[in-house]
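Beneath this line is the structure, given in structure tokens, with notes to follow.
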Amino acid sequence: MFGPATSATSTAGSSLAPAKLAQLREQAEELEGVFLNTLMKEMFASLKTDQSALGGGFGEETWRGMQAEQMANAVAKGGGIGIAESILPDLIAAQEAAQKATTTRGTM
896 MFGPATSATS
906 TAGSSLAPAK
916 LAQLREQAEE
926 LEGVFLNTLM
936 KEMFASLKTD
946 QSALGGGFGE
956 ETWRGMQAEQ
966 MANAVAKGGG
976 IGIAESILPD
986 LIAAQEAAQK
996 ATTTRGTM
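Numbering (our numbering), first residue to last: 896 to 1003.
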């Protein structure tokens, strides 16, 4: 959904180092992954699998949890659904404010 052009515009003009911007982007993607993981686990929980080829049970529940986690991470890393892009500017602003406050305190 979002590509490099969007990520470049959301970080343009930032006073943060490129490594810090990359770290914030990764944190935003991880948060989106957690949300998507919860969403997918709930989606899979609603499936009735007693009559499926896997037959239900504890093993299938465990497998479905791992499947939901991997699918959520893949969706988030592949551009996600826009949550990471939506919160990234706020993360950058908060980090810049903290950096400015630290710099200001150091000069007093």
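Positions of the beta carbon are idealized from the N, C-alpha and C atoms, including for glycine.
Straight-line gap, S902 to K943 (C-alpha atoms, nearest Å) | Its pLDDT being 49, under 50, S902 is placed unreliably by the model, and the measurement read from it follows with that caveat. Rounded to whole angstroms, S902 to K943 spans 40 Å at the Cα level.
Within its chain, find whatever has a CB closer than 8 Å to the CB of I976; leave out the 5 residues flanking it on each side and keep chain order.
-> Taken in chain order, the residues that qualify are M896, E927, L931 and V970.
Within 10 angstroms of its Cβ, does M935 collect 16 or more other Cβ (buried), or is it exposed?
-> Buried is the label assigned to M935, since at least 16 other Cβ atoms lie within 10 Å of its Cβ.
For L919, which option in N968, Q962, T933 and D985 has the closest C-alpha, if you only look at C-alpha atoms?
-> Residue D985 is the option with its Cα nearest to L919.
Entirely within the stretch 902-980 and at least 3 residues each: give me those beta strand (DSSP E) ranges in chain order.
-> When DSSP assignments are scanned along the stretch 902-980, no uninterrupted stretch of beta strand (DSSP E) that is 3 or more residues long falls wholly within it.
Test item: CB-CB of S910 and Q965 under 9 Å = 9 Å or more divides the Cβ of S910 from the Cβ of Q965.
Is it the case that the Cβ atoms of A923 and A992 are separated by a distance below 9 Å?
-> Contact: no.
Compare the beta carbon distance of A963 and V929 with 9 Å and say whether it is the shorter of the two.
-> When the beta-carbon positions are compared, A963 and V929 stay at least 9 Å from each other.
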